[in-house]
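Q: Before anything else, here's the structure in question.
In the UniProt record's numbering, the protein residues as written are 1 to 256.
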């Protein structure tokens, strides 16, 4: 019980430190966290409104792209923030009470809370301006968000170790991860793709996250290709693999 209490206090202290480092003491940092996704969604909406009369789902381009973008951000922002958890806090690991996993937990909590805050602000603003607000199905929304953060957690834990041990891997990962935004269903519905292409895209677990997230906003969306078993199998495989590498890495123990 003593060790659990100690780690909770350490995580709380790290959480406050990460908030101060990331957002500062002024509200500008929090405002930018909202403006950045809002600007991306607005830009995509304007571009596609000039190409098509209606989005692939519903009648609102901003809502369609927001549901895709925010769902993707639950993974992408989490993964990106966790990648450097050890490297950014290596000086603190010299203290006996600070364990490497504490830095991971602190960043996970902060990023999850930040993305939830951004999602509420951005999606809430879009829904309020709609003539016919959608009927939300919260179980699908919450499950998709949680699954995406777990996927980001697993990849982030693995990358934390690999970035320290193999700097070249960081460059390779960034190259491979960059097009994920384009092939995760943010711009399109997998159901509308031709057979061979659809089968390839469905190997991407983020496609299933986006489909599940959108089901929470579009009751008419059936997402026939949604495979929750595949999604959770992929998520927990990545988490267990990341934890295995993390707990057996001397580089993490040294913080370098």
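Glycine included, C-beta positions come from ideal geometry on N, C-alpha and C.
What does a CB cutoff of less than 7 Å around residue 254 pick up in its chain, not counting 5 residues either side in sequence?
A: Note that residue 254 has pLDDT 49, beneath the 50 cutoff, so the model's placement of it is unreliable and no number is given.
Q: Count the other C-beta atoms from every protein chain shown that fall within 10 angstroms of the C-beta of residue 164, then say buried if there are 16 or more, exposed otherwise.
A: That one is buried.
Q: Assign residue 220 to one of three DSSP states: helix, strand, or coil.
A: Three-state DSSP puts residue 220 in coil, outside helix and strand.
Q: Can you tell me the Cβ-Cβ gap for residue 190 and residue 202, rounded? I've got them flagged as a contact below 8 Å.
A: Indeed they touch by this definition, with Cβ atoms about 6 Å apart.
Q: Classify residue 95: buried if its beta carbon has 16 or more other beta carbons within 10 angstroms, exposed otherwise.
A: Exposed is the call here.
Q: Are residue 161 and residue 246 close, meaning C-beta to C-beta below 7 Å?
A: In contact: residue 161 and residue 246 (Cβ atoms closer than 7 Å).
Q: If I measure Cβ to Cβ from residue 44 and keep anything under 7 Å in the same chain, skipping five residues before and after, which residues do I get?
A: These residues qualify, in order along the chain: 65.
Q: Which residues in the same chain as residue 149 place their Cβ atom closer than 8 Å to its Cβ, once the five residues preceding and following it in sequence are excluded?
A: If we look at residue 149 and ignore the five residues flanking it on each side, its Cβ neighbours are 74, 75, 78, 108, 111, 112 and 115.
Q: If you draw a straight line from the alpha carbon of residue 188 to that of residue 121, how long is it in whole angstroms?
A: Between residue 188 and residue 121, the C-alpha separation is close to 23 Å.
Q: Terminal residues of the continuous alpha helix (DSSP H) containing residue 107?
A: First-last of the alpha helix (DSSP H) with residue 107: 100-128.
Q: When you compare each of 20, 98, 88 and 219 to residue 136 by their alpha carbons, which one comes out closest?
A: Looking at the Cα atoms, 219 is the closest of the given residues.
Q: Would you call the segment 227-242 in contact with the segment 151-159, where contact means no fewer than 3 C-beta pairs closer than 8 Å?
A: Yes: the two stretches touch, three or more of their Cβ pairs being nearer than 8 Å.
Q: For residue 144 and residue 72, which I take to be in contact (beta-carbon distance under 8 Å), what is that distance rounded to the nearest angstrom?
A: Rounded, the Cβ-Cβ distance is 11 Å, inconsistent with contact.
Q: From residue 87 to residue 167, what does the alpha carbon distance come to, in whole angstroms?
A: Straight-line Cα distance between these residues: approximately 12 Å.
Q: Quick one: give me the first and last residue of the alpha helix (DSSP H) that residue 199 is part of.
A: Counting along the chain, the alpha helix (DSSP H) containing residue 199 begins and ends at 195-201.
Q: According to DSSP, simplified to helix, strand and coil, what is residue 36?
A: Of the three classes helix, strand and coil, the one that applies to residue 36 here is helix, per DSSP.
Q: Are there 16 or more other CB atoms within 10 angstroms of the CB of residue 124, so buried, or fewer, so exposed?
A: Answer is exposed; the Cβ neighbour count stays below 16.
Q: Write down the C-beta distance between residue 215 and residue 140 rounded to the nearest angstrom, noting that I regard them as a contact closer than 8 Å.
A: Right, their Cβ atoms sit about 4 Å apart.
Q: Would you mind giving the Cβ-Cβ distance between residue 33 and residue 118, rounded to the nearest angstrom? I have them listed as a contact below 8 Å.
A: Contact flag correct, Cβ pair sits at about 6 Å.
Q: Classify residue 170 as helix, strand or coil using the three-state DSSP reduction.
A: In this structure, residue 170 counts as helix in the three-state DSSP scheme.
Q: For residue 53, name the three-state secondary structure that DSSP assigns.
A: Coil, per DSSP.
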